[in-house]
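What follows is one structure encoded as structure tokens, with my remarks underneath.
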Amino acid sequence: MESKKKYEFHYIINNIQRIALYETKARYFLVGSNNSQTKFRVLKIDRMEPRELNVVDDHQVYSREEIQSLLSMIDVGNRNRQGSLGTPFVPVASAFGIVGFVRFLEGYYIILVTKRRHAAMIGHHSIYKIEDTALIYIPNDGVRKAHPDEAHYLKMFQSIDLSSNFYFSYSYDMTHTLQMNLTFPASGIPIPSDLKKNYFDEMESADDLFSESSHGSKESTNSKSNSWLLKQAKRHFGIRNSPNQRFVWNSYLLKQVEAVLCPDWILHVTHGFVSQSNVCIFGCSVYITLIARRSNKYAGTRFLKRGSNFEGDVGNEVETEQIVHDSGVSSLHQGRFSSFVQMRGSIPAHWSQDISKMVPKPPIMFDLSDPFSETAGKHINKLLSRYGSPIIFLNLVKKREKKIHESQLSIELNNAIKYLNQFLPPQHHIEYVSFDMARQNNQKDVNVMKKLAKIAYDAIQRTGIFQNFDPYYQHKSEFVVGKPNLIDGHGRVQTGIIRVNCVDCLDRTNTAQFALGKCALGFQLCALGFIREPKLEFDSDCVRMLENLYEDHGDTLALQYGGSQLVHRIKTYRKTAPWTSQGNDIMQTLSRYYRNTFSDTEKQHTINLFLGLFVPEENKPAIWELQTDYYMHHTVSLRRDVCRRAPLTMWWDKEVLEVLPRSLEEVKRTYMQVLLAEPRDELVDAYQDYYQPLRFSVLAELFSYKISNSVRDFMPHCTTDYSPFIVRARPGRRREESTSRGGIMKNPSLTGQSSTSSTTSSASSEEESDVEDDVNVPSDTHSTPSSKDSIKTATFEAMFPCMHQVYGVQPEALGPGDLKLLRRYVIFGRNASRLSQKEVLNRLLTTKLFQKRQFPPQSTVCMKPPEVTSHSKNLYEQFVDRGRKGSANVSAADLSKYNLYVTDRTLEIRHVRILRFTLSD
């Protein structure tokens, strides 16, 4: 495997990050360039075709001089016959990327990203949030054929606010997890034949390049592979992943052009939530990034997309990834990263709720009977393919009720998992954990967060976390979670997923995901070496920052799916929420039910139109005339895409089971593009794209200064302990409630402001109790004492302690005798160092300073740097590696020498003691 280390695989950076749109009567010209504006591409769109899309990409890269010459030629051709200038050939719009193309009943529109802002940084790779878009009609007005329903469809399409929580990146693949992006695939990276045909044609994949076999018929091939490796030792491979289409929300908009255009024009847009914060640990910045990816399968609003479809896609399916990065090294491949992935989603069954009557709790109905749990089996089979095993279901739905309502969902899910586990190997069984969170919260003597922390600790011990570096030698075995990375040989990988759900997958689910994230953050910081044990206390700066990240995460997803922000927050289940928030909870509940009743249908039509589930056609009913969208999301009901698996007991794919506990998608990854590039090429080097050394940058406007910081936004003004892991009790108004530098109030969930929550719970007040056994919980899960004794106010004496408090010595006041002695001492020192006028004159006359060496005025003094021997360099490299990777394992020879030394030393001490005893006798 030594040859594999000679290769570095970097993600290809899109050469098109800035676009200028030029308009003529017959065509649109899109001129795209990179950030440094050294490479250009041109895209031509025909405007004379009223209904069809005609896009031409010449696949040529132009320099600045070549593109100016080309634009001048187009300008000359745009003049009229009289020779006078027509419309000035200047850009009519500027953009940062193309979202896609869409057509309703007339011609095509192009959707451009006109405003963007930084949302997060993953190493040197930037993630952007779409702030504004432009929808431009392509056909010329002279060939346009009007349709009466076009305006209605256009208005409906524009109601999808692309400026709300849509994200993209030019170099980082947001549709996959960090583990997928950083882990080398077991099947290797297929090297295109045109990159190796100059050397030999026998190799067909990266597996051949990295083969260690040196016997049989492969001996000659391996020798050629080694020679090829030596020739390419200074080259980098640039790769571009095939995106996970489940999380690409503009896949329908790119369908017409994705196979024609150069990949640099393509932007894969995801929907969900992205936020990043900076935890300052004694001057070292650690970035915590939260990324939520919403699935475009069975997507919709709260009451209209419940349960699952026949393909196993569930409603409100969101993959949440928590990334922790030590910013000491920003490179994606050389830095230290850790991530943890969890997900939420509706219960995989055919169930729904009738909202024709506006009631607080619409009745739950099962639409279809599924005796063999085929729907749940398809859903879990997809989870095994994407994440591996184990699959852990954390069900927060009520278990017992006076009047049966949501508890029937728990029964359905539990029965389905029991049935499906019969046909799986025991080591890969699906794990089911039920926790009646609402009921437990109603009991005064129950600590909900403590029980969730115990569940989280046990679950994360099973799935592990991802880290791209080897664990420290000093770490205990119970603090190192995750399976060893057998493919790369370095780091640890997460296998399996923790799947959280309640009825809506909103309030209770978000609190449980925070508990999982808090426990995972302890393991991540411990793996990075910032804390000794994975223990984090509530009300510390670090956990408060994480809590606000998850509350912002929950609010965003609740608005997308339920139409309002969270009703019951993390503080509700910690029982620290102010009583004044109860009125706000009532308003949020009313807002959610109002939107679900009156506006969700129109919103669902818009989502179906945006995702291409409904395509407008002539002489067919419009989308607002349809009674239901059931057949758009359940294609099996139309007798299309029917694929029956036989027998029903084999509900899992054979190839999925063969690679467990690893995921099939990770082992058999596919790539859109692989190419060779120079190490410092702009195409693969994200350093240039991030720092942009030739561009003037204002320090205060950099993204690193704008994100939430634990010192600026969470640490009190007056403190003597700067650790972000100590518990701080803050009475009264906190500093982070003040306005930001620009005078605009920050997002409450980013600044640490008290979140509005309620002490009430969504559970009904039931008299019978559901007593559970006490569990042993690590000390990091204990809640913070709320007594007055625990509140420490910063005083002058606390900030500046006296000498007796620090050293145990208190100086006394000087007496008359001491002052007289001190005065004599001062006078004696003054007279000893004072010179008479005669002595001063003698020194001036007798002392002369001569310059030892004189240099010409124009000369330059050159100093030869000291030479460093190779032995010293090796010692320094070993010292640096020991700091990065920890202490190396002791060799057997060194261990035997140490044992011999200890034995000799023990015998020597024993002989000395015997000799002393003999002499004393």
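Take the sequence shown: its letters are residues 1 to 921, numbered as in the UniProt record's numbering. Note that the Cβ used here is the ideal one computed from N, Cα and C, for glycine as well.
Boundaries of the alpha helix (DSSP H) around F879: S870 to K885.
Excluding five sequence positions before and after H325, the CB atoms of its chain that fall closer than 6 Å to its own CB belong to Y287 and F337, given in chain order. Taking a C-beta distance under 7 Å as the contact criterion, F166 and H271 qualify as a contact pair. With 16 or more other Cβ atoms inside 10 Å of its own Cβ, G107 counts as buried. Residue pairing by DSSP places F366 opposite W351 in a beta bridge. Going by beta carbons, V143 and P243 fall outside the 7 Å limit.
Between H428 and N501, the alpha-carbon positions lie close to 21 Å from each other. Across the set N441, L290, L413 and H333, the C-alpha of L413 shows the shortest separation from the C-alpha of S434. Using a Cβ-Cβ distance cut-off of 8 Å, the region 153 to 166 and the region 598 to 607 are in contact, since at least three pairs of beta carbons, one from each stretch, lie closer than that value. When the beta-carbon positions are compared, Q673 and R240 come within less than 7 Å of each other. Pairing A515 with E666, the inter-Cα distance amounts to about 27 Å. Contact between D541 and S710 holds, since their C-beta atoms are separated by about 5 Å, short of 8 Å. Shown here for H490: same chain residues with a beta carbon closer than 8 Å to its own, the five before and five after excluded, namely N468, F469 and D470 in chain order. The distance from the Cβ of I74 to that of F89 is about 7 Å, consistent with a contact at the 8 Å cut-off.
Excluding the 5 residues flanking it on each side, V92 has same chain C-beta neighbours closer than 8 Å at L21, Y22 and E23, in chain order. Apart from the 5 residues on each side of it in sequence, W351 sits with its Cβ closer than 8 Å to the Cβ of R306, G307, I364, M365, F366, D367, L409 and E412 in its chain, given in chain order. Nearest to F423 by C-alpha distance, out of I136, V840, D653 and A146, is D653. Look at V92 here: in three-state DSSP terms it is strand.
Three or more Cβ pairs drawn from the region 116 to 136 and the region 163 to 181 lie within less than 8 Å of each other, which places the two stretches in contact. Nearest to G496 by C-alpha distance, out of L135, H59 and P390, is P390. Under the three-state reduction of DSSP, C502 is assigned to coil, being neither helix nor strand. Here D141 is exposed. Its C-beta has fewer than 16 other C-beta atoms within 10 Å. Contact annotation: K398 and D436 have beta-carbon atoms nearer than 7 Å.
Contact annotation, R344 with I392: C-beta distance approximately 13 Å; criterion of less than 8 Å not satisfied. In this chain, the alpha helix (DSSP H) harbouring G522 covers D507 to L528.
Runs of the alpha helix (DSSP H) lying entirely within the region 646 to 692 and spanning at least 4 residues, in chain order: 654 to 659, 664 to 667 and 686 to 691.
Counting the other Cβ atoms within 10 Å of the Cβ of L844 gives fewer than 16, which makes it exposed. The region 545 to 555 makes contact with the region 280 to 296: 3 or more CB pairs, one atom from each, lie closer than 8 Å. Secondary structure at P484: strand, using DSSP grouped into helix, strand and coil.
With contact defined as three or more Cβ pairs closer than 8 Å, the region 98 to 115 and the region 37 to 56 are in contact. Sixteen is the threshold: when 16 or more other Cβ atoms of the shown chains lie within 10 Å of the Cβ of L394, as they do, the residue is buried. Annotated as proximal: D264 and I16, with beta-carbon spacing under 7 Å. Remark: C-beta atoms of T320 and A299 do not approach each other more closely than 7 Å. When the alpha-carbon of I191 is set against those of G100, N447 and A677, the nearest one is in A677.
When the alpha-carbon of V269 is set against those of I380, V359 and E131, the nearest one is in E131.
Three or more Cβ pairs drawn from the region 60 to 77 and the region 27 to 47 lie within less than 8 Å of each other, which places the two stretches in contact.
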